[in-house]
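Protein sequences, first through last, are from chains C and A. In this text, residue positions in the first sequence follow the numbering used here: the first is 1, and each later residue adds one. In this text, residue positions in the second sequence follow the numbering used here: the first is 1, and each later residue adds one. Beta carbons are placed, not taken as given, at the ideal position from N, Cα and C, and that holds for glycine.
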Amino acid sequence: MQHQRRRGLPELPDQITRRLKPEEEELRRKREELAAIRATLAERELELIDFRGQLAAFEGRYLRQVGTLYAELDDWKARIAELQAKADPSSAANARAEEAREQARQTYEDAHGTSSETHDFTPSPELRRLYREVAKRIHPDFATDPADRERRTRFMAEANRAYEGGDSEALRRILDEFHDGADAVEGEGIGAELIRIIRQISLAKERVAAIERELAALREGEIALLKKQAEEKEQEGRDLLAELATAVREKIEVARREYEALVQEGKTA
Amino acid sequence: MTDESRLQVTPGSSRGLLKARSGLIARGLREAAKLETHNDPWLATRRLAEQGDADAQYEHGWEYAGDFDGGTNEDYASAARWFRKASEQGHAKAQHQLGRMYLFGTGVIQDYTEALKWFRKAAVQGDTSAQYNLGVMYYLGEGVPQDYIQAHMWSNLAARSFVPGTFNRNVDLIARQMTPQQIIEAQRLAHEWKTKATDSVRDEDHLA
Numbered sequence: 001m002q003h004q005r006r007r008g009l010p011e012l013p014d015q016i017t018r019r020l021k022p023e024e025e026e027l028r029r030k031r032e033e034l035a036a037i038r039a040t041l042a043e044r045e046l047e048l049i050d051f052r053g054q055l056a057a058f059e060g061r062y063l064r065q066v067g068t069l070y071a072e073l074d075d076w077k078a079r080i081a082e083l084q085a086k087a088d089p090s091s092a093a094n095a096r097a098e099e100a101r102e103q104a105r106q107t108y109e110d111a112h113g114t115s116s117e118t119h120d121f122t123p124s125p126e127l128r129r130l131y132r133e134v135a136k137r138i139h140p141d142f143a144t145d146p147a148d149r150e151r152r153t154r155f156m157a158e159a160n161r162a163y164e165g166g167d168s169e170a171l172r173r174i175l176d177e178f179h180d181g182a183d184a185v186e187g188e189g190i191g192a193e194l195i196r197i198i199r200q201i202s203l204a205k206e207r208v209a210a211i212e213r214e215l216a217a218l219r220e221g222e223i224a225l226l227k228k229q230a231e232e233k234e235q236e237g238r239d240l241l242a243e244l245a246t247a248v249r250e251k252i253e254v255a256r257r258e259y260e261a262l263v264q265e266g267k268t269a
Numbered sequence: 001m002t003d004e005s006r007l008q009v010t011p012g013s014s015r016g017l018l019k020a021r022s023g024l025i026a027r028g029l030r031e032a033a034k035l036e037t038h039n040d041p042w043l044a045t046r047r048l049a050e051q052g053d054a055d056a057q058y059e060h061g062w063e064y065a066g067d068f069d070g071g072t073n074e075d076y077a078s079a080a081r082w083f084r085k086a087s088e089q090g091h092a093k094a095q096h097q098l099g100r101m102y103l104f105g106t107g108v109i110q111d112y113t114e115a116l117k118w119f120r121k122a123a124v125q126g127d128t129s130a131q132y133n134l135g136v137m138y139y140l141g142e143g144v145p146q147d148y149i150q151a152h153m154w155s156n157l158a159a160r161s162f163v164p165g166t167f168n169r170n171v172d173l174i175a176r177q178m179t180p181q182q183i184i185e186a187q188r189l190a191h192e193w194k195t196k197a198t199d200s201v202r203d204e205d206h207l208a
């Protein structure tokens, strides 16, 4: 303050620029830190949900374009194995046929399951802005007590669903409905508030680390590998999924012909 | 503040993106790697190797190792890394190569115990070259106490699988250091091993 006065700011009245007590000073710093980590956390949550959405959308595309063809291929293979088991009913042939049928069933289930229904995921800038806001304000790691945490978790889960569904209206409603009580807890002393904020910071940091781990795991996953290759192909003006579909179709054709040959053999035998 | 409540924050996480759904994604990856073969075989092998295909890892190891002639240390270290990945999946030829690298200290720090370990893994799978090398290590007492019976047994097994004459010299050399009883014991062990191997695995070799 001495400093400021010498610099020619005498109009600042002393009574409101009083020096902060050490704990007040610490609280101010921690609040700033919390605000910063809130922003970081919101950004990372957004990154995670976006990446997951992109992977899910790609997976859906893959399952529809290629997975369904694999289901068809496995069905032909199962039919072949079943014909062979009929012609030579040994226990090994029967086991092979059962195995092939089970594989075909599994492939069909996966290829036509709910994941295949996921459609393209291209969140608008406004949707992303809203989600960032939600994550900053509502994230469960900024709860004041277990009940608050539970409430936040519920809101956050709803927000995730809204985001994944591209529903910006729902996100706005969530923001309206959520009343943030965290910044002013009644009857809370400086000490209690400090402890609460420190805990929140620590929880938020843990969550950021967990998000990093999850992102890393997702990036190494099979679907991310395939997506990356598809993107590389796209750079070359090629369509990986279409090429894969063609390759599997060729296999289906081979399997179908083999099946028909077996049927003919069965007739002549 | 339980773990459960944390998980609920992101309900999308259980979508199964990390789960290999009946291998459907893996199949696509393999097929994609095959598409590449038309363009770039190296890249195709690399991709398969990265996805954990043991044969591709072995092949890729060789791409770094060359013929163990004029490569850099980094190349050999990479070769050892890929051979090891394949070896850990039980790839016998890779185990033999990894054993050789430990034996000669190529790309790794020379370690007879490690060499012996990988030769043995490959040898029990019937890899002839590993059997041969294992025999030599027992004969010389490298990484293991000298043991003529074991040396004879493995060298004998290796020699039988080769064109007659190629490796017999070793067996004869070892036999010269042994008593007739020891030779009989070694032959019995070799025969026993061979019979067991023939029973369990398909066998391309024929015992006289």
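Quick one, are the C-beta atoms of residue i and residue j less than 9 angstroms apart?
| i | j | result |
| --- | --- | --- |
| C:L225 | A:L29 | yes |
| A:G151 | A:V108 | The question names Gly, yet the displayed sequence has Ala at residue 151 of chain A. Not in contact: A:A151 and A:V108 (Cβ atoms no closer than 9 angstroms). |
| A:A80 | A:G61 | yes |
| C:R38 | C:F142 | yes |
| C:Q54 | C:F121 | yes |
| A:Q110 | A:A123 | no |
| C:E82 | C:R64 | no |
| A:N156 | A:Q181 | no |
| A:T45 | A:E31 | no |
| C:D74 | C:T114 | no |
| A:V144 | A:N170 | no |
| A:D40 | A:H91 | no |
| A:Y148 | A:Q177 | yes |
| A:L35 | C:A247 | yes |
Measuring alpha carbon to alpha carbon, tell me which of the options ends up nearest residue i.
| i | options | result |
| --- | --- | --- |
| A:F83 | A:E74, A:A65, A:G70, A:T195 | A:A65 |
| C:E72 | C:A162, C:E45, C:A111, C:A35 | C:A111 |
| C:A216 | C:E43, C:T40, C:E47 | C:E47 |
| C:F58 | C:E24, C:N94, C:A81, C:S116 | C:S116 |
| C:I174 | C:H139, C:G189, C:A147, C:S202 | C:H139 |
| C:E222 | A:L48, A:L43, A:D40, A:P41 | A:L48 |
| C:A56 | C:A159, C:G165, C:R249, C:L69 | C:G165 |
| A:E50 | A:D67, A:G70, A:A26 | A:A26 |
| C:E206 | C:E24, C:L20, C:E45, C:E26 | C:E45 |
Count the other C-beta atoms from every protein chain shown that fall within 10 angstroms of the C-beta of residue i, then say buried if there are 16 or more, exposed otherwise.
| i | result |
| --- | --- |
| A:Q57 | buried |
| C:K228 | exposed |
| C:K86 | exposed |
| C:A255 | buried |
| C:S91 | exposed |
| A:D172 | exposed |
| A:K85 | buried |
| A:S127 | Here residue 127 of chain A turns out to be Asp, not Ser, going by the sequence shown. So A:D127 ends up on the buried side. |
| A:K194 | buried |
| C:A36 | exposed |
| A:N73 | exposed |
| A:L43 | exposed |
| A:K93 | buried |
| A:A33 | buried |
Tell me the DSSP secondary structure of residue i in three-state form.
| i | result |
| --- | --- |
| C:G53 | helix |
| A:D184 | Per the sequence shown, the amino acid found at residue 184 of chain A is Ile instead of Asp. DSSP places A:I184 in helix when its eight states are reduced to three. |
| C:D75 | helix |
| C:K21 | coil |
| A:H96 | helix |
| A:I109 | coil |
| C:A36 | helix |
| C:T107 | helix |
| C:A143 | coil |
| A:D67 | coil |
| A:D40 | coil |
| C:F58 | helix |
| A:R176 | coil |
| A:H60 | helix |
| C:Q264 | helix |
| C:S124 | coil |
| A:V171 | helix |
| A:G135 | helix |
| C:R149 | helix |
| C:S168 | helix |
| C:E188 | coil |
| C:E232 | helix |
| C:R238 | coil |
Against chain D, does residue i count as a neighbour if the rule is that its beta carbon must be under 9 angstroms from one of theirs?
| i | result |
| --- | --- |
| A:E59 | The structure shown contains no chain D; its protein chains are C and A. |
According to a CB-to-CB cut-off of less than 9 angstroms, which residues of the region 44 to 71 of chain C neighbour chain A?
Cβ proximity to chain A below 9 angstroms picks out E45, L48, I49, R52, G53, L55, A56, E59, Y62, L63, V66, G67, Y70, A71 from the region 44 to 71 of chain C.
Name, going along the chain, the residues of the region 32 to 48 of chain A whose beta-carbon falls closer than 9 angstroms to a beta-carbon of chain C.
Answer set for the region 32 to 48 of chain A: A32, A33, K34, L35, E36, R47.
Determine which residues of the region 76 to 109 of chain C have a Cβ less than 8 angstroms from any Cβ of chain A, and write them out in chain order.
The residues in question are Q103, Q106, T107, E109.
At a CB distance below 8 angstroms, what residues from the region 240 to 264 of chain C approach chain A? Give them in sequence order.
Of all residues in the region 240 to 264 of chain C, only L240, E243, L244, A247, V248 place a beta-carbon less than 8 angstroms from a beta-carbon of chain A.
Note down, in chain order, all residues in the region 222 to 242 of chain C with a beta-carbon under 7 angstroms from any beta-carbon belonging to chain A.
Listed by position, the residues of the region 222 to 242 of chain C near chain A (Cβ gap below 7 angstroms) are E222, I223, L225, L226, Q229, L240.
Short of 7 angstroms Cβ to Cβ, which residues in the region 111 to 131 of chain C face chain A?
For the region 111 to 131 of chain C, the set of positions with a beta-carbon nearer than 7 angstroms to some beta-carbon of chain A reads A111, S115 in chain order.
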